[in-house]
Amino acid sequence: MAKLSRNAIIGYPAGIVTGITYGLNPLFAKPLMNNGASTEAILFFRYGIAVVLLGAYLLLKKENFRINLRQAGVLLGLGLLYTASSAFLFEAYKYIASGLATTLVFLFPVMVAIIMVFLKVVPSWPVWLSIAATFAGVMIMTGGTGTEAIDPTGIWFSIASAFVYALFIVIINRSKAISSIPNSLLTFYALSVGTVFFLTRCGLSGAELLTGLNGGMAWANLLGLAILPTIVSTASLAIATRNIGATKASVLGVFEPITAILVGTLVFGEELTPNIIAGILISIVAVSFMIMLTKR
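Numbering that gives the first Met the number 0 applies: residue 0 is where the sequence shown begins, and numbers increase by one.
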């Protein structure tokens with residue numbers, strides 16, 4: 000077993016937290032959607048509440064919000080990619096089961112690895128093996144999410160979400176322009192872009208902001224969305240990517256479909272089959288293998 004470096008001790012737990020918290024999306028989002036809230040309104044309040052909370056935190060810390068023009072351009076791009084990932088995933092929820100949708104988003108580690116190869120950063124063999132094993136585990140999980148017909152539209156939305164999320168991770172890892180920006184400030188600006196984007200979408204689509212958002216439980220779900228799958232997930236992803244690299248951080252995202260499937264099963268009564276259990280076990284073993292055999 001390789002001795003873990005300081006970066007690994009910070010990065011691996013952060014990557015696990017990223018996967019678990021992002022996998023909680025359906026826990027908070029599905030009740031809102033089932034109650035008639037529009038995707039645009041949910042995502043606007045999710046991002047808007049997150050920006051207010053994170054902005055207040057940064058002000059209390061007396062954080063310097065100043066960035067240069069080059070950094071602003073990169074952060075705008077990151078914000079649009081992260082926003083698109085959320086939008087595509089929520090659209091997928093309309094067509095296929097939440098567990099399956101979030102599972103398919105886990106194609107992103109494969110996409111990250113391929114992009115990194117093009118950038119001449121080739122992962123080591125334990126990482127490639129872990130990618131292959133976790134991908135196999137996810138495919139097994141996907142094959143065991145039920146017997147109902149699967150709408151291809153939901154599949155394509157999930158794959159699109161995976162692709163833009165992969166680009167988001169690679170840019171955080173490789174961009175020198177934003178390397179000096181603290182993780183919390185990076186998260187704040189990325190989420191600010193999402194807030195403006197979804198407010199604009201609400202206006203263009205004519206979606207009623209408050210439709211389906213009745214009662215304390217609806218706002219509790221929005222608060223949950225803002226804190227866990229948004230602030231915590233985005234900040235911990237930046238920490239993981241900067242400490243252990245884009246590819247390894249993305250492999251740890253396997254905890255995302257695992258969490259989403261468990262939420263779908265325990266909360267929404269979606270089917271849990273032996274295939275899903277086997278896929279989860281394979282994925283956890285693969286991640287453990289990667290951690291034990293790599294230093295960073």
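We treat Cβ as the ideally placed atom computed from N, Cα and C, and that holds for glycine.
Small disclaimer: the values here were computed from a predicted structure and weren't measured.
Proximity of residue i and residue j at Cβ, strictly below 8 angstroms
| i | j | result |
| --- | --- | --- |
| Gly18 | Phe107 | no |
| Gly263 | Leu31 | no |
| Met289 | Val250 | yes |
| Asn6 | Ile243 | yes |
| Ala13 | Ile238 | yes |
| Leu57 | Ser183 | yes |
| Ile281 | Ile114 | no |
| Phe64 | Leu224 | no |
| Gly54 | Phe187 | yes |
| Tyr94 | Phe134 | no |
| Leu190 | Phe44 | no |
| Gly136 | Ala285 | yes |
Residue i - DSSP class collapsed to helix/strand/coil
| i | result |
| --- | --- |
| Tyr188 | helix |
| Lys175 | coil |
| Arg69 | helix |
| Phe105 | helix |
| Lys119 | coil |
| Lys247 | helix |
| Ile283 | helix |
| Ser37 | coil |
| Thr17 | helix |
| Thr194 | helix |
| Phe267 | coil |
| Gly143 | Residue placement at Gly143 cannot be trusted, given a pLDDT of 47 that sits under 50; the coordinates are not used to answer. |
| Gly78 | helix |
| Leu3 | coil |
| Thr210 | coil |
| Tyr296 | This structure gives no information on residue 296, because the portion of the chain shown stretches from 0 to 295. |
| Asn220 | helix |
| Glu255 | helix |
| Gly205 | coil |
| Ile9 | helix |
| Trp64 | The identity of residue 64 in the sequence shown is Phe, whereas the question assumes Trp. Three-state DSSP puts Phe64 in coil, outside helix and strand. |
| Ile180 | coil |
Rounded straight-line distance, which links the Cα of residue j to that of residue i
| i | j | result |
| --- | --- | --- |
| Met216 | Ala71 | 36 angstroms |
| Phe197 | Ser174 | 26 angstroms |
| Tyr303 | Gly205 | The shown model of the chain, from 0 to 295, leaves out residue 303, and the question about it has no answer. |
| Thr144 | Ser235 | Unreliable placement is indicated for Thr144, whose pLDDT of 46 sits below 50; the coordinate value is still reported in the next sentence. So the alpha carbons of these two residues sit roughly 28 angstroms apart. |
| Ala100 | Ser179 | 34 angstroms |
| Val116 | Val126 | 13 angstroms |
| Asp9 | Leu203 | Reading off the sequence, residue 9 comes out as Ile, not Asp. Straight-line Cα distance between these residues: approximately 42 angstroms. |
| Pro181 | Ile154 | 35 angstroms |
| Ile171 | Thr229 | 16 angstroms |
| Lys119 | Trp218 | 46 angstroms |
| Ser4 | Ala96 | 39 angstroms |
| Thr152 | Ile158 | 10 angstroms |
| Ile15 | Ala245 | 14 angstroms |
| Arg200 | Leu292 | 46 angstroms |
| Gly268 | Gly35 | 20 angstroms |
| Leu128 | Glu255 | 19 angstroms |
| Ala161 | Leu59 | 35 angstroms |
| Tyr46 | Lys61 | 22 angstroms |
| Thr20 | Asp150 | 26 angstroms |
| Lys29 | Leu52 | 23 angstroms |
| Ala277 | Leu271 | 11 angstroms |
| Ser287 | Glu207 | 46 angstroms |
| Val169 | Thr233 | 14 angstroms |
| Ala40 | Asn24 | 15 angstroms |
Assumed close pair residue i, residue j - CB separation to whole angstroms, cut-off 8 angstroms
| i | j | result |
| --- | --- | --- |
| Ala83 | Val163 | 5 angstroms |
| Phe87 | Leu42 | The Cβ separation is near 11 angstroms, so there is no contact. |
| Ile130 | Val104 | Their Cβ separation, rounded to whole angstroms, is 15 angstroms, which puts Ile130 and Val104 out of contact at 8 angstroms. |
| Ile226 | Ile257 | Not really, about 20 angstroms apart at Cβ, beyond 8 angstroms. |
| Ala132 | Pro122 | Incorrect: roughly 13 angstroms between the Cβ atoms, too far for contact. |
| Arg69 | Ala176 | 5 angstroms |
| Ile283 | Ile260 | The pair is not a contact, with the Cβ atoms about 13 angstroms apart (cut-off 8 angstroms). |
| Leu209 | Leu74 | Rounded, the Cβ-Cβ distance is 30 angstroms, inconsistent with contact. |
| Gly214 | Ser85 | So it is not a contact: roughly 24 angstroms between Cβ atoms. |
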